[in-house]
Amino acid sequence: MAHAESTRGVWRGRYMRPDGTRGSTPSFSTRKLALSAAQDEESRIRHNTWTDPRLAERPFGEFAEDWFKAVCPRLAPSTVAKYRSHLDRQILPTWAAWPMIAIFNSHLEIEKWVSELCEDHAESSVASYFALFSTVMTAAVRARVIPASPCSGIRVTSGGYETEKYVATPVQGLRAAMRLHETTGLSGFVLCLLDLYTGARWGELVGQTAEEYNPDTGAIALHRPLKEVGGKLVKDGQSVQETTDLLSSSRRPRRKRTGRGKTASSERWVTLPPSMAVLYELLLDSHDHEFSFTAPEGGGLYRGHFRERFWRPAWDGVDADDPDSPAHQPPILRWFTFHEGRHTQSTWLADDDVPEVARRARLGHKMPGIARVYEHVTPEMEQRVSDVLEARWDASLLALDANERETLVGLLPHLGPVIADLEENRAA
1 MAHAESTRGV
11 WRGRYMRPDG
21 TRGSTPSFST
31 RKLALSAAQD
41 EESRIRHNTW
51 TDPRLAERPF
61 GEFAEDWFKA
71 VCPRLAPSTV
81 AKYRSHLDRQ
91 ILPTWAAWPM
101 IAIFNSHLEI
111 EKWVSELCED
121 HAESSVASYF
131 ALFSTVMTAA
141 VRARVIPASP
151 CSGIRVTSGG
161 YETEKYVATP
171 VQGLRAAMRL
181 HETTGLSGFV
191 LCLLDLYTGA
201 RWGELVGQTA
211 EEYNPDTGAI
221 ALHRPLKEVG
231 GKLVKDGQSV
241 QETTDLLSSS
251 RRPRRKRTGR
261 GKTASSERWV
271 TLPPSMAVLY
281 ELLLDSHDHE
291 FSFTAPEGGG
301 LYRGHFRERF
311 WRPAWDGVDA
321 DDPDSPAHQP
331 PILRWFTFHE
341 GRHTQSTWLA
351 DDDVPEVARR
361 ARLGHKMPGI
371 ARVYEHVTPE
381 MEQRVSDVLE
391 ARWDASLLAL
401 DANERETLVG
411 LLPHLGPVIA
421 DLEENRAA
């Protein structure tokens, strides 16, 4: 039962902790104040809102490491690597030595920390750092270390400003693909086009294998994306460098949680437009590598390396601001990213009046609200998607000038008769 004790002229409240040991309050000048404080502690214990002051003095770094070890086994390797990086580089250097209760009482310090991060990092990166920090603090609340999260109410993003997203035209995509053919061969050419004509994510495309293609339907299975974890390529939770054939068994290996797609809805089949299917089959027949898309020297593709060495020069140009340079190539669409191929695909389909349910299904997104229950993709919708994308491909071939067409036919001779037929139909 709560009571007050006098020691050397000051009063402390005493109360019973849930584990049966005695707890004490800070010092007070009067017995009444000390007793009231002890009664408040016992009231919190009865109402299941009490936190142990001893636990609240624990350093953030210790709690964060315990939390990390607890959640790691059920996270994807890529998520584990991201969390580890965020903790080591952005969070622990600032907060590791802080007692948890000190962070709880330092809302303004957290605001300052976020502001400092915003000065040196992209808004999306800061949001990711803060989300992890907030997750750890929320876990501390549930573990009864602190009474509430100090992260509540802190705004990370500006809200009013969004980075402009670019949408490429079909002929811009074809021209960029032709440049990629010069530097990466047929693999880069087809990868660029499938980015635009499927809207698949980077890992979904570069992780493709011949076994994941259905030649009867011209569809690719986007079930097991390739991921980069700690500098290694990983598929199905298995390092690519540690295996010679991920699909050597006639029986498909049991799916691992760590090798799944981004979301349940992202695991899907995507049908290629007829011309894209032809190009993809040409690519598959051109080599015997494990993955459909490979680096020029063979082996899997790393996103950062591919972006800086090949993708950016193809879209941004080379010596773009120096027309007198021997290497000069003008830009096609500066700053266009691989991910914006998804935006481009969705925008094209919307422009061609494809129903939203079919657009979302192709991108691996769910329909919002009750439409998720009552709207479904029909074969007619899928055929319309194929038709409108094929029409855009045809238009891109006709939009090339004579020299570009000659170059393209030199790269892919089978397109010669195709272009001739398109020109004849246009003239008619």
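Residues 1 to 428 in full-length UniProt numbering are what the sequence shown lists, from first letter to last.
Even for Gly, the Cβ is constructed at its ideal location relative to N, Cα and C.
Here's a check: name, in chain order, each residue in its chain whose Cβ is nearer than 8 Å to the Cβ of residue i, leaving out the five neighbours to either side.
| i | result |
| --- | --- |
| Leu415 | Leu397, Leu408, Val409 |
| Val354 | Met381, Arg384, Val385, Val388 |
| Glu423 | Leu398 |
| Asp319 | Ser325, Ala327, His328, Gln329 |
| Pro53 | Gly23, Ile101 |
| Leu233 | Leu226, Lys227, Ser239, Val240, Gln241, Gly300, Tyr302 |
Helix, strand or coil for residue i per DSSP?
| i | result |
| --- | --- |
| His414 | coil |
| Lys227 | strand |
| Leu400 | coil |
| Arg257 | Since pLDDT at Arg257 reaches only 44, below the 50 mark, its modelled position is unreliable, and the value read off the structure follows with that caveat. Three-state result, Arg257: helix. |
| His305 | helix |
| Met1 | coil |
| residue 441 | No answer is possible for residue 441: it lies beyond the span of the chain, which begins at 1 and ends at 428. |
| Gly13 | strand |
| Ala420 | helix |
| Thr30 | coil |
| Val141 | helix |
| Thr135 | helix |
| Ser6 | strand |
| Asn425 | helix |
| Val234 | strand |
| Ser386 | helix |
| Ser248 | Summary for Ser248: the model assigns pLDDT 42, below 50, so the residue's position carries little reliability; its value from the coordinates is reported in the next sentence. Correct three-state label for Ser248: coil. |
| Val377 | coil |
| Thr271 | strand |
| Ser239 | strand |
Please classify residue i: is it buried, with 16 or more other beta-carbons within 10 angstroms of its beta-carbon, or exposed?
| i | result |
| --- | --- |
| residue 432 | No statement about residue 432 is possible, as the shown extent of the chain runs from 1 to 428 and does not include it. |
| Glu380 | exposed |
| Asp401 | exposed |
| Ser6 | exposed |
| Gln383 | exposed |
| Val10 | exposed |
| Asp25 | It is worth fixing the name first, because residue 25 is Thr in this sequence and not Asp. Counting Cβ neighbours within 10 Å, Thr25 comes out buried, since at least 16 surround it. |
| Gly298 | exposed |
| Leu186 | buried |
| Cys72 | exposed |
| Ile91 | buried |
| Gly231 | exposed |
| Glu116 | exposed |
| Ile370 | exposed |
| Ala131 | exposed |
| Arg360 | buried |
Which residues in the same chain have their Cβ closer than 6 Å to the Cβ of residue i, if we skip the five residues on either side of it in sequence?
| i | result |
| --- | --- |
| Trp202 | Arg303, Phe338 |
| Glu42 | Ala2, Tyr15 |
| Leu55 | Val145 |
| Ser134 | Cys151 |
| Thr21 | none |
| Trp98 | Phe60 |
Excluding the 5 residues preceding and the 5 following residue i in the sequence, name in chain order all residues of the same chain whose CB lies nearer than 7 Å to its CB.
| i | result |
| --- | --- |
| Gly188 | Leu180, His181, Phe310 |
| Thr30 | Trp11 |
| Val270 | Thr198, Ala200, Ala219, Ile220, Leu222, Arg362 |
| Ala127 | Val156, Thr157 |
| Arg254 | With a pLDDT of 41 at Arg254, under the threshold of 50, the modelled position of that residue is not reliable, and no figure is offered here. |
| Thr258 | The pLDDT assigned to Thr258 is 49, lower than 50, so where the model puts this residue is not dependable, and the model offers no usable value. |
So, does the segment 174-185 touch the segment 314-328, judging by three or more C-beta pairs under 8 Å? Contact between the segment 174-185 and the segment 314-328 is present, because at least three Cβ pairs lie under 8 Å.
Tell me, please, whether the segment 140-153 touches the segment 99-117 by the rule of three or more beta-carbon pairs shorter than 8 Å. Contact between the segment 140-153 and the segment 99-117 is present, because at least three Cβ pairs lie under 8 Å.
Can you check the segment 151-231 for any beta strand (DSSP E) of at least 3 residues that lies completely inside it and give the ranges in chain order? List check, beta strand (DSSP E) in window: 219-222, 227-229.
For the segment 266-273 against the segment 221-240, are there 3 or more C-beta pairs whose distance is under 8 Å? Yes: at least three Cβ pairs fall under 8 Å.
Between the segment 342-349 and the segment 321-332, do at least 3 Cβ pairs fall closer than 8 Å? Taking one beta carbon from each stretch, the segment 342-349 and the segment 321-332 have fewer than 3 pairs nearer than 8 Å; the two do not touch.
To test your reading of the DSSP string, which unbroken alpha helix (DSSP H) runs of 4 or more residues are found completely within the UniProt domain "Integrase SAM-like N-terminal" (60-117)? Here the runs fully enclosed are 60-71, 77-86, 92-95, 100-104.
Three Cβ pairs or more, each shorter than 8 Å: is that satisfied between the segment 201-216 and the segment 355-362? The segment 201-216 vs the segment 355-362: no contact.
Output the residue ranges of the alpha helix (DSSP H) runs that lie fully inside the segment 305-359 and measure 4 residues or longer, sorted by chain position. For the segment 305-359, the continuous alpha helix (DSSP H) assignments of 4+ residues that do not extend past its boundaries occur at 312-316, 340-351, in sequence order.
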